[in-house]
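Protein chains: 2
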Amino acid sequence: MVPAGGAGTRLWPLSRAALPKFLLDLTGTGRSLLQQTVDRLVPLVDDRVLVVTGAAHRDAVVRQLPQLPGARVVAEPAPRDSMAAIGLAAAMLEREDTGALLASFAADHVITDATAFAASVEEAVEVARSGLLVTIGIEPTHPATGFGYIRCGDVIEGRRSACHVEEFVEKPDVERAREYVADGRHRWNAGMFVVGAGVLLDLLAEHHPDLAAGLRDVAAHPERIDDVWPGLERIAIDHAVAEPAARAGRVAVVPGSFGWDDVGDFASLEEVLRAGPGAGGQGALAVLGDADTVLSTDSSGLVATAGDRMVAVVGVDDVVVVDTPDAVLVTTRSRAQEVKALVEQLRRRGRADLL
Amino acid sequence: MVPAGGAGTRLWPLSRAALPKFLLDLTGTGRSLLQQTVDRLVPLVDDRVLVVTGAAHRDAVVRQLPQLPGARVVAEPAPRDSMAAIGLAAAMLEREDTGALLASFAADHVITDATAFAASVEEAVEVARSGLLVTIGIEPTHPATGFGYIRCGDVIEGRRSACHVEEFVEKPDVERAREYVADGRHRWNAGMFVVGAGVLLDLLAEHHPDLAAGLRDVAAHPERIDDVWPGLERIAIDHAVAEPAARAGRVAVVPGSFGWDDVGDFASLEEVLRAGPGAGGQGALAVLGDADTVLSTDSSGLVATAGDRMVAVVGVDDVVVVDTPDAVLVTTRSRAQEVKALVEQLRRRGRADLL
Numbered sequence: 000m001v002p003a004g005g006a007g008t009r010l011w012p013l014s015r016a017a018l019p020k021f022l023l024d025l026t027g028t029g030r031s032l033l034q035q036t037v038d039r040l041v042p043l044v045d046d047r048v049l050v051v052t053g054a055a056h057r058d059a060v061v062r063q064l065p066q067l068p069g070a071r072v073v074a075e076p077a078p079r080d081s082m083a084a085i086g087l088a089a090a091m092l093e094r095e096d097t098g099a100l101l102a103s104f105a106a107d108h109v110i111t112d113a114t115a116f117a118a119s120v121e122e123a124v125e126v127a128r129s130g131l132l133v134t135i136g137i138e139p140t141h142p143a144t145g146f147g148y149i150r151c152g153d154v155i156e157g158r159r160s161a162c163h164v165e166e167f168v169e170k171p172d173v174e175r176a177r178e179y180v181a182d183g184r185h186r187w188n189a190g191m192f193v194v195g196a197g198v199l200l201d202l203l204a205e206h207h208p209d210l211a212a213g214l215r216d217v218a219a220h221p222e223r224i225d226d227v228w229p230g231l232e233r234i235a236i237d238h239a240v241a242e243p244a245a246r247a248g249r250v251a252v253v254p255g256s257f258g259w260d261d262v263g264d265f266a267s268l269e270e271v272l273r274a275g276p277g278a279g280g281q282g283a284l285a286v287l288g289d290a291d292t293v294l295s296t297d298s299s300g301l302v303a304t305a306g307d308r309m310v311a312v313v314g315v316d317d318v319v320v321v322d323t324p325d326a327v328l329v330t331t332r333s334r335a336q337e338v339k340a341l342v343e344q345l346r347r348r349g350r351a352d353l354l
Numbered sequence: 000m001v002p003a004g005g006a007g008t009r010l011w012p013l014s015r016a017a018l019p020k021f022l023l024d025l026t027g028t029g030r031s032l033l034q035q036t037v038d039r040l041v042p043l044v045d046d047r048v049l050v051v052t053g054a055a056h057r058d059a060v061v062r063q064l065p066q067l068p069g070a071r072v073v074a075e076p077a078p079r080d081s082m083a084a085i086g087l088a089a090a091m092l093e094r095e096d097t098g099a100l101l102a103s104f105a106a107d108h109v110i111t112d113a114t115a116f117a118a119s120v121e122e123a124v125e126v127a128r129s130g131l132l133v134t135i136g137i138e139p140t141h142p143a144t145g146f147g148y149i150r151c152g153d154v155i156e157g158r159r160s161a162c163h164v165e166e167f168v169e170k171p172d173v174e175r176a177r178e179y180v181a182d183g184r185h186r187w188n189a190g191m192f193v194v195g196a197g198v199l200l201d202l203l204a205e206h207h208p209d210l211a212a213g214l215r216d217v218a219a220h221p222e223r224i225d226d227v228w229p230g231l232e233r234i235a236i237d238h239a240v241a242e243p244a245a246r247a248g249r250v251a252v253v254p255g256s257f258g259w260d261d262v263g264d265f266a267s268l269e270e271v272l273r274a275g276p277g278a279g280g281q282g283a284l285a286v287l288g289d290a291d292t293v294l295s296t297d298s299s300g301l302v303a304t305a306g307d308r309m310v311a312v313v314g315v316d317d318v319v320v321v322d323t324p325d326a327v328l329v330t331t332r333s334r335a336q337e338v339k340a341l342v343e344q345l346r347r348r349g350r351a352d353l354l
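Keeping their order, the protein sequence lines are chains A and B.
Numbering that gives the first Met the number 0 numbers the first residue of the first sequence as 0 and each following residue consecutively.
Numbering that gives the first Met the number 0 numbers the first residue of the second sequence as 0 and each following residue consecutively.
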């Protein structure tokens, strides 16, 4: 299952409420992040893919995924965070097959090595059959401060590399991130889970019984979704299940040695474009969009262009220029995080038309 | 007379071949630089203003200056630099009145104090009556390297501040510019001349007899302009007349103590906007255009916007952002000079549509 939510406000003005990050082609390959996510899953599970998304985006998701039966795209009446979205998929699956395993992957991340990804998923499936909640933890390549980390404990008996999870740790400062990378015991938390559908709901029921019951109710009576959904607790799967289950020794982590990024902001997008195959570019300037509409001299950073006008950059380092039909953003890689605050400013100015 | 030529390529994409700098409102006052130039002259000479411009811009000039009789806008069949444009006006005036004085002011400069300007012109007129070629030299406020300088010699007998011109000096490096400002003997060359129409043409005839004869021919037989014009020598008035006449002791300089700028590039435009009354702005960011369509955080520099889309700038210092319907430019104040090379690149790419 693929929870397709989140606005990606730090990628404004590329990402908009009506066209969020997961619907965008951010890698210059012609496929949106959602499409690439599903492309990676189809070889593993055929069409047994379920996408849970906001009601406002259901039609766009269906259009982007013509290979998926329409019933496999479920619309949430309102956003209720990741636990409700993933839990609903688990509850639906549980009704079909109590012993079935559920795997969940975010719709808006980039993964560069599909073969290594598939191998990690297969190992996670094997471990999950033993009744554990399994996550895939990405081997960190640098002391990232924008991701949460997973601390590995003992290797699971009979496995080569899968470990018990000691703890999920929050986004660290750079000092601590360096320690995490150096000690070899930490993985990036990429929000990937493989777990028995019933196991997940039972874990949820231990700490959030109303939420678990509500989700099972909706799965049994889909017509009740509009009544039940608004009353569901709004909580992320990490807080609702993964962290308490880890404390109880019931979570495992399988290493993921593939390239991964959550494309959280323009600095991250620039790195993804540099690493990817679909990106044009001019020297030190990465270009998303038609590189023929970008003219640059002695500049580095990122230009994202809708291609309907010329974008010229002269002598600016680490710049971020995003040109869209109704808004232009100019910032730097190091200030990329602040784009979120800008979107807030626009909201306060009453410019919802631009969000 | 007002020679209205020059493309202003360092102000691309604001300034275009079809809409050059002098036709633009670059001060946020609602009046183009050409209109402001004429606005300053009308109180001094009523409608005795002649504009010489390129054939391609004649209609636009007439539209911008409805107060001027149509015959006062003369179209050059082809650009032949400032000597031909100013010389033609002199030749036309000479036919009306041999003793008449001609004053020439560029169409694309900014002047902030119209009263001080008028006082300088009046003094220049008095000095010019003695048969000298008179220029108005701006008292330098800083060691500018983008302007030529005028070195003052002895004060003219019977005058308080008008001096003989010792020499016109080229744009200096910053070291030399500092010396010029410190020694009190140098003025900025603003290309302003007041001179007897016949005096100017006679001076020209000494060094460039064919050019002088050609201009007098066109003034006598306006219908011949298309035949004569293409064969005229292409030379600036400084080289053709002012410099040789200065060496002969026949040029005077009257001090101009008003604010002046040739708005040669975006760094200069930013200063003009800061100093001017018509500019909106957000903190350290000067805005040309509708400031409501600019959103900025912790940035300094200049945003020029056509107002048809939102321009957001986050955390960039000394930035220059110019947003137009078909082109966006991002550079810095210190690289503003290089915009000219960019325009050259566009020409080589065959993008004349953007020039």
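Ideal placement from N, C-alpha and C gives every residue a C-beta, glycine not left out.
**Message:** Our contact map puts A/Leu25 next to A/Val327 with C-beta atoms below 8 Å; I'd like the distance itself, whole angstroms only.
**Reply:** As a working note, residue 25 of chain A is residue 26 in the first sequence. As a working note, residue 327 of chain A is residue 328 in the first sequence. For A/Leu25 against A/Val327, the beta-carbon gap comes to about 18 Å, at or over 8 Å, which does not count as contact.
**Request:** Could you tell me if B/Leu185 is buried or exposed, where buried requires 16 or more neighbouring beta carbons within 10 angstroms of its beta carbon?
**Result:** By 1-based counting over the second sequence, the position of residue 185 of chain B is 186. Per the sequence presented here, residue 185 of chain B reads as His, with Leu not at that position. Buried, because 16 or more other Cβ atoms sit within 10 Å of the Cβ of B/His185.
**Message:** Checking 8 Å against the spacing of the C-beta atoms, do A/Ala351 and A/Arg9 come in under that value?
**Reply:** Counting from one through the first sequence, the residue named residue 351 of chain A turns up at place 352. Counting from one through the first sequence, the residue named residue 9 of chain A turns up at place 10. For A/Ala351 and A/Arg9, no; Cβs fall outside 8 Å.
**Item:** Under 7 Å (Cβ pairs) to chain B, residues found in the segment 92-110 of chain A
**Value:** Here the close residues number zero.
**Message:** Any beta carbon of chain B sitting closer than 8 Å to that of A/Asp322?
**Reply:** Your numbering for residue 322 of chain A matches position 323 in the first sequence. With 8 Å as the cut-off, A/Asp322 counts as an interface residue toward chain B.
**Top-ranked residue by Cα proximity to B/Asp153, from B/Gly183, B/Trp259, B/Phe146 and B/Glu178** = To locate residue 153 of chain B, count along the second sequence from 1; it is residue 154. Ranking B/Gly183, B/Trp259, B/Phe146 and B/Glu178 by Cα distance to B/Asp153 puts B/Gly183 first.
**Asked** Exposed or buried, what is B/Val252 when buried is set at 16 or more other beta-carbons lying within 10 Å of its beta-carbon?
**Response** Residue 252 of chain B sits at position 253 when you count from the first residue of the second sequence. Label assigned to B/Val252: buried.
**Prompt:** CA-CA distance, A/Val342 and A/Leu214?
**Reply:** Residue mapping note: residue 342 of chain A aligns to position 343 of the first sequence, counting from 1. Residue mapping note: residue 214 of chain A aligns to position 215 of the first sequence, counting from 1. One C-alpha to the other measures close to 33 Å.
**Asked** Tell me which same chain residues have a C-beta within less than 6 Å of the C-beta of B/Pro139, skipping the five on either side of it?
**Response** Locating residue 139 of chain B in the second sequence gives position 140, where the first residue counts as 1. In chain order, Val180 and Trp187 place their CB closer than 6 Å to the CB of B/Pro139, counting only its own chain and leaving out the 5 sequence neighbours on each side.
**Prompt:** Based on Cα-Cα distance, which residue from A/Leu43, A/Ala305, A/Asp107 and A/Gly86 lies nearest to A/Gln34?
**Reply:** Along the first sequence, one-based indexing puts residue 34 of chain A at 35. The option with the nearest alpha carbon to A/Gln34 is A/Asp107.
**Prompt:** In chain order, what residues of the same chain have a beta carbon less than 7 Å from the beta carbon of A/Pro171, not counting five sequence neighbours either side?
**Reply:** Here residue 171 of chain A is taken as the residue at index 172 of the first sequence, counted from 1. Counting only Cβ-Cβ distances below 7 Å, and skipping sequence neighbours, we find Thr144, Tyr148 and Tyr179.
**Every unbroken alpha helix (DSSP H) within the segment 223-260 of chain A, with a cutoff of 4 residues, ordered by chain** = The qualifying runs are 224-227 and 242-246.
**Asked** Cα separation between B/Ser103 and B/Val50?
**Response** Mapped onto the second sequence, residue 103 of chain B falls at position 104. Mapped onto the second sequence, residue 50 of chain B falls at position 51. B/Ser103 and B/Val50: Cα-Cα distance of roughly 10 Å.
**Request:** Please determine, among A/Thr97, A/Glu166 and A/Ala90, the residue with the shortest C-alpha to C-alpha distance to A/His220.
**Result:** Numbered from 1 along the first sequence, position 221 holds the residue referred to as residue 220 of chain A. When only C-alpha atoms are compared, the closest one is A/Ala90.
**Request:** Could you pull out every unbroken alpha helix (DSSP H) segment of at least 4 residues lying fully inside the segment 79-123 of chain B, listed in chain order?
**Result:** Within the segment 79-123 of chain B, complete alpha helix (DSSP H) segments of at least 4 residues are found at 80-95, given in chain order.
**Asked** At a Cβ cut of 8 Å, what residues of the segment 329-344 of chain A count as close to chain B, listed as they run along the chain?
**Response** Listed by position along the chain: Val329, Thr330, Thr331, Ser333, Arg334, Glu337, Val338, Ala340, Leu341 and Gln344.
**Prompt:** In terms of residue numbering, what span does the beta strand (DSSP E) encompassing B/Val320 cover?
**Reply:** By one-based count along the second sequence, residue 320 of chain B stands at place 321. Its beta strand (DSSP E) spans residues Val318 to Asp322.
**Prompt:** Can you name, in chain order, every residue of its own chain whose Cβ lies under 6 Å from the Cβ of B/Val315, other than the five neighbours on each side?
**Reply:** Taking the first residue of the second sequence as position 1, residue 315 of chain B is located at position 316. Residues of the same chain with a CB within less than 6 Å of the CB of B/Val315, apart from the 5 flanking positions on each side, are Ser298 in chain order.
**Item:** Contact under 8 Å by Cβ, A/Val320 with A/Val312
**Value:** For the purposes of this step, residue 320 of chain A is taken as the residue at position 321 of the first sequence. For the purposes of this step, residue 312 of chain A is taken as the residue at position 313 of the first sequence. Cβ distance < 8 Å, so A/Val320 and A/Val312 count as in contact.
**Message:** Measuring CB atoms only, is the segment 287-305 of chain A touching the segment 222-232 of chain A, in the sense that at least three cross pairs come out at less than 8 Å?
**Reply:** Contact fails: fewer than three Cβ-Cβ distances are below 8 Å.
**Interface partners of A/Arg223 on chain B, CB under 9 Å** = The residue labelled residue 223 of chain A in the question sits at position 224 within the first sequence. The premise fails here: A/Arg223 is roughly 42 Å from chain B at the closest Cβ pair, so nothing lies under 9 Å.
**Prompt:** If we ignore side chains and look at the alpha-carbon of each, how far apart do B/Arg223 and B/Val217 end up?
**Reply:** By one-based count along the second sequence, residue 223 of chain B stands at place 224. By one-based count along the second sequence, residue 217 of chain B stands at place 218. The alpha-carbon of B/Arg223 is positioned some 6 Å away from that of B/Val217.
**Request:** Compute the distance between the beta-carbons of A/Ala88 and A/Glu75, then report whether it is under 8 Å.
**Result:** Reading the first sequence from its first residue, position 89 is the one you call residue 88 of chain A. Reading the first sequence from its first residue, position 76 is the one you call residue 75 of chain A. It is not a contact, given that the beta carbons lie outside the stated cut-off.
**Asked** Taking Cβ positions only, does B/Gly314 come closer than 8 Å to chain A?
**Response** What you label residue 314 of chain B is simply residue 315 of the second sequence in a count that begins at 1. With 8 Å as the cut-off, B/Gly314 counts as an interface residue toward chain A.
**Asked** For the segment 133-210 of chain B, which segments carrying the alpha helix (DSSP H) assignment without a break, of at least 4 residues, lie completely within its bounds, in sequence order?
**Response** Within the segment 133-210 of chain B, the complete alpha helix (DSSP H) segments at least 4 residues long are 173-182 and 196-206, listed from N- to C-terminus.
**Prompt:** Counting pairs of beta carbons, one from the segment 39-53 of chain A and one from the segment 116-123 of chain A, are three or more of them closer than 8 Å?
**Reply:** A contact exists between the segment 39-53 of chain A and the segment 116-123 of chain A.
**Request:** Give me the Cβ distance between B/Arg355 and B/Thr323, rounded to the nearest whole Å; I'm assuming they're in contact under 8 Å.
**Result:** Absent from the model: residue 355 of chain B. The displayed extent of chain B is 0 to 354, so no value can be given.
**Message:** Taking only three categories from DSSP, how would you classify A/Gly53?
**Reply:** Along the first sequence, read from residue 1 onward, the residue named residue 53 of chain A stands at position 54. When secondary structure is reduced to three states using DSSP, A/Gly53 falls in the strand class.
**Prompt:** A/Ala326 touches chain B at which residues, Cβ-Cβ below 8 Å?
**Reply:** The residue given as residue 326 of chain A occupies position 327 in the first sequence. Residues of chain B passing the Cβ test: Arg308, Met309, Val310 and Ala311.
**Message:** Run through chain A and tell me which residues come within less than 8 Å of B/Val318, C-beta to C-beta.
**Reply:** Residue 318 of chain B sits at position 319 when you count from the first residue of the second sequence. From the beta-carbon of B/Val318, the residues of chain A found nearer than 8 Å are Val315 and Val329.
**Request:** Quick one: which unbroken beta strand (DSSP E) runs of 3-plus residues sit fully inside the segment 284-338 of chain A? Chain order, please.
**Result:** List check, beta strand (DSSP E) in window: 284-287, 293-296, 300-304, 309-313, 318-322 and 326-331.
**Request:** Compute the Euclidean distance between the alpha carbons of B/Asp96 and B/Gly195, then round it to the nearest angstrom.
**Result:** Locating residue 96 of chain B in the second sequence gives position 97, where the first residue counts as 1. Locating residue 195 of chain B in the second sequence gives position 196, where the first residue counts as 1. Whole-angstrom Cα-Cα distance: 10 Å.
**Whole-angstrom distance between A/His163 and A/Leu132, CA atom to CA atom** = Position 133 of the first sequence, counted from the first residue, corresponds to residue 132 of chain A. Position 164 of the first sequence, counted from the first residue, corresponds to residue 163 of chain A. Their Cα atoms are separated by approximately 10 Å.
**Request:** Would you verify that the beta carbon of A/Thr140 is, or is not, closer than 8 Å to some beta carbon of chain B?
**Result:** If you number the first sequence from 1, residue 140 of chain A lands on position 141. No, A/Thr140 does not count as interfacial toward chain B.
**Request:** Would you tell me roughly how many angstroms separate the C-alpha atoms of A/Gly86 and A/Ala105, rounded to the nearest one?
**Result:** Here the question's residue 86 of chain A lines up with position 87 in the first sequence. Here the question's residue 105 of chain A lines up with position 106 in the first sequence. A/Ala105 has its alpha-carbon roughly 14 Å from the corresponding atom of A/Gly86.
**Interfacial residues, the segment 39-64 of chain A to chain B, with Cβ spacing under 8 Å** = Answer in chain order: no residues at all.
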